[in-house]
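Trainee: Line by line, the protein sequences give chains A and B. Residue numbering for the first sequence follows our numbering, starting at 15 and increasing by one per position. Residue numbering for the second sequence follows our numbering, starting at 15 and increasing by one per position. Okay, here's the structure, questions in a sec.
Number of protein chains: 2
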Amino acid sequence: MVEVKALLAHIQRFVALSNEEEKVLLEGVRYQKIKRKEHLLQEGQVCTDNYFVIRGCVRMYIQTPAGEDRIVQFGIDNWWITDYTSFDSKKPSSFNIQAVEDSEIVAIDKQTMDRLFNSIPSLERYFRVILQRAFTASVMRMHYIFDQSAEERYHHFNTSYPDFVQRVPQYMLASYLGFTPEFLSKIRGKKS
Amino acid sequence: MVEVKALLAHIQRFVALSNEEEKVLLEGVRYQKIKRKEHLLQEGQVCTDNYFVIRGCVRMYIQTPAGEDRIVQFGIDNWWITDYTSFDSKKPSSFNIQAVEDSEIVAIDKQTMDRLFNSIPSLERYFRVILQRAFTASVMRMHYIFDQSAEERYHHFNTSYPDFVQRVPQYMLASYLGFTPEFLSKIRGKKS
DNA sequence: ATCATTTCTTAATCAAGATTAAGTTTTTTA
DNA sequence: TAAAAAACTTAATCTTGATTAAGAAATGAT
Chain A
15 MVEVKALLAH IQRFVALSNE EEKVLLEGVR YQKIKRKEHL LQEGQVCTDN
65 YFVIRGCVRM YIQTPAGEDR IVQFGIDNWW ITDYTSFDSK KPSSFNIQAV
115 EDSEIVAIDK QTMDRLFNSI PSLERYFRVI LQRAFTASVM RMHYIFDQSA
165 EERYHHFNTS YPDFVQRVPQ YMLASYLGFT PEFLSKIRGK KS
Chain B
15 MVEVKALLAH IQRFVALSNE EEKVLLEGVR YQKIKRKEHL LQEGQVCTDN
65 YFVIRGCVRM YIQTPAGEDR IVQFGIDNWW ITDYTSFDSK KPSSFNIQAV
115 EDSEIVAIDK QTMDRLFNSI PSLERYFRVI LQRAFTASVM RMHYIFDQSA
165 EERYHHFNTS YPDFVQRVPQ YMLASYLGFT PEFLSKIRGK KS
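Here it is, written out as structure tokens:
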């Protein structure tokens, strides 16, 4: 499948793969298209796959006690997204993963992933690097949440990812940045 | 050095090491004792090492614009702590790492780490797993910050890590949990 | 093109937690 | 063991952002 080449390209930005390794990898993954609002994972299910977003946008969210969605992560082009806790333990997940736009996804299930780690040593390095970046990004995000006001956070995000902001509804941005849609409206109202 | 055995033991909770690999690893690491309030890293320096806490407690913090410390992470027994951004890029760090108690540390510098990853393949897997856990913990922490009140956060932390709470000054806990020491006092005052 | 649904806005009231400031207790150091 | 420094407490006031509620605008489906 030609679409999955995007994954190979991404991996090879970090490590080299032999032709044989490329082949083994391609045989292990599952390419899938998913429509806006469809779910890859729903609360209560075991998260069986690690998902790589080739094109599009998905969100991972959790239901708050108040019954609202809290967006924990977005996944866009070239990002991996999964609930590692459920993925590793095979216990039901507390999270949901849903397409925000029609998206193209590569999925690898846990068993295949473990097998691939054994047969393709450099994949281990690739995920080490990917996870290190994800961890660092998460720590930085936490830092922004603590030490910037909601308004600063919005402006910061807005200037850092202006094109992404265009792609998602505002109430999702609010959910991701940790405040209410009403407050986001208020901030935007101020400007003009 | 017998103290460094704790690191080997920790690694072998996740992957197997041959005697030869153990030896190579031990030759690459640096054991060091550090007194309370001494720094492993100070803002502006390049973070040259990844630190493993054998015994004791360190904190990683960043100076807020208001001139206060925001604690980003604690490192206790069997935790790795470093600023991966600075460590990888060799650019000056924005963070500080300081001992909260007299501590015993194993340090590995970047160059050695890269060499060890090449000579000990299972080390790659070990760090992949470690980073996956760190990432997951960070995501969960973010979730708690968003969806619990300061008071809930305190009680949650307090019941989850009662012994740890005893070890650090309260103002550090407040800094880690994202509120003021005064507010922490207020919460505690309520009880009795 | 029209109806229904989803998303966004505005404004009034409210609450959690910050700030300030002063005083008390505990720990460290000489 | 006394003085100094660090850590903790209390209380009054203030601010940011939540909540509620209603209406307007945009988007999607038929």
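Note that the Cβ used here is the ideal one computed from N, Cα and C, for glycine as well.
Should S206(A) be flagged as near chain B, meaning a C-beta pair shorter than 8 Å?
Mentor: Caution is warranted here: a pLDDT of 46 is assigned to S206(A), below 50, making its placement in the model unreliable, and the coordinate value is therefore given only provisionally. No - not a single Cβ of chain B is within 8 Å of the one on S206(A).
Trainee: What does the alpha-carbon distance come out to for the pair V60(A) and I95(A)?
Mentor: 14 Å
Trainee: Does any CB atom of chain B fall closer than 8 Å to the CB of Q146(A)?
Mentor: yes
Trainee: Output yes or no for whether 8 Å exceeds the beta carbon distance between I111(B) and Y45(B).
Mentor: no
Trainee: Given that a residue counts as buried once 16 or more other Cβ atoms are within 10 Å of its Cβ, and exposed if not, what is S32(A)?
Mentor: exposed
Trainee: Given 8 Å as the limit, is there contact between the region 72 to 80 of chain A and the region 105 to 123 of chain A, that is, 3 or more CB pairs closer than that?
Mentor: The answer is yes - the region 105 to 123 of chain A touches the region 72 to 80 of chain A, with three or more Cβ pairs under 8 Å.
Trainee: I want to verify the contact list: residues of chain A whose CB lies under 8 Å from the CB of P135(B), in sequence order.
Mentor: Result: P135, E138.
Trainee: Return the chain-ordered ranges of every alpha helix (DSSP H) run that is complete within the region 156 to 205 of chain B and spans a minimum of 4 residues.
Mentor: 164 to 174, 176 to 181, 184 to 191, 195 to 205
Trainee: Is R227(A) close to chain B, meaning its C-beta is less than 8 Å from at least one C-beta of that chain?
Mentor: Residue numbering for chain A in the displayed model covers 15 to 206; residue 227(A) lies beyond these limits and cannot be assessed.
Trainee: Establish whether the CB of I111(A) and some CB of chain B are separated by less than 8 Å.
Mentor: Not an interface residue.
Trainee: Is T173(A) buried or exposed, if buried means 16 or more other CB atoms sit within 10 Å of its CB?
Mentor: Counting the other Cβ atoms within 10 Å of the Cβ of T173(A) gives fewer than 16, which makes it exposed.
Trainee: Tell me the rounded alpha-carbon separation between D123(B) and E196(A).
Mentor: 48 Å
Trainee: Starting from S117(A) and walking both ways along the beta strand (DSSP E), at which residues does that stretch end?
Mentor: 117 to 123
Trainee: Less than 8 Å between C-beta atoms, sequence neighbours within five positions excluded: which residues of the same chain meet that for D177(B)?
Mentor: none
Trainee: Residues in the same chain with beta-carbon distance under 6 Å from R50(B), minus the five sequence neighbours each way, listed in chain order, please.
Mentor: A113, E115, D116
Trainee: Do E138(A) and R69(A) count as a contact pair if the criterion is CB distance below 8 Å?
Mentor: no
Trainee: List the endpoints of the continuous alpha helix (DSSP H) containing D83(A).
Mentor: From DSSP, D83(A) is part of no alpha helix (DSSP H) but of the beta strand (DSSP E) over 83 to 90.
Trainee: Within 10 angstroms of its Cβ, does L198(A) collect 16 or more other Cβ (buried), or is it exposed?
Mentor: buried
Trainee: Where does A113(B) fall in DSSP's three states?
Mentor: strand
Trainee: Start and end of the beta strand (DSSP E) containing V38(A)?
Mentor: From DSSP, V38(A) is part of no beta strand (DSSP E) but of the alpha helix (DSSP H) over 33 to 42.
Trainee: Is the beta carbon of S136(A) less than 8 Å from the beta carbon of A20(A)?
Mentor: no
Trainee: Can you tell me the Cβ-Cβ gap for E57(B) and S107(B), rounded? I've got them flagged as a contact below 8 Å.
Mentor: 6 Å
Trainee: Taking a contact to mean a Cβ-Cβ separation below 8 Å, would you say V16(B) touches A121(B) in this structure?
Mentor: no
Trainee: Per DSSP, D208(A) forms a beta bridge with which residues?
Mentor: Given a span of 15 to 206 for chain A in the structure shown, any question on residue 208(A) remains unanswerable.
Trainee: What residues are listed by DSSP as bridge partners for I48(A)?
Mentor: S117(A)
Trainee: Is the region 175 to 191 of chain B touching the region 85 to 92 of chain B, taking contact as three or more C-beta pairs under 8 Å?
Mentor: yes
Trainee: Closer than 8 Å by C-beta to Y10(A): which residues in its own chain qualify, once you throw out the five before and the five after it? Chain order, please.
Mentor: With chain A running from 15 to 206 in the structure shown, residue 10(A) is simply not present.
Trainee: Can you name the residues of chain B whose CB is closer than 8 Å to the CB of I122(A)?
Mentor: Chain B residues near I122(A): none, gap ~15 Å exceeds 8 Å.
Trainee: Can you tell me where the alpha helix (DSSP H) with I25(B) in it begins and where it stops?
Mentor: 19 to 25
Trainee: Three-state secondary structure (DSSP) at F66(A)?
Mentor: strand
Trainee: Please check the pair F149(A) and A148(B), which I expect to be a contact at CB under 8 Å, by giving their CB distance rounded to whole angstroms.
Mentor: 5 Å
Trainee: Rounded to a whole number of angstroms, what is the C-alpha to C-alpha distance between E34(A) and D161(B)?
Mentor: 47 Å
Trainee: Could you check the C-alpha separation between E41(A) and I134(B) for me, to the nearest Å?
Mentor: 28 Å
Trainee: Evaluate R180(A) with the Cβ neighbour count: other Cβ atoms within 10 Å of its Cβ, from every protein chain shown; 16 or more gives buried, anything less gives exposed.
Mentor: According to the sequence provided, residue 180(A) is Gln. The question's Arg does not apply to it. The residue is exposed, with fewer than 16 neighbouring Cβ atoms inside 10 Å.
Trainee: Taking just the CA atoms, how far does Q146(A) sit from E9(B)?
Mentor: No statement about residue 9(B) is possible, as the shown extent of chain B runs from 15 to 206 and does not include it.
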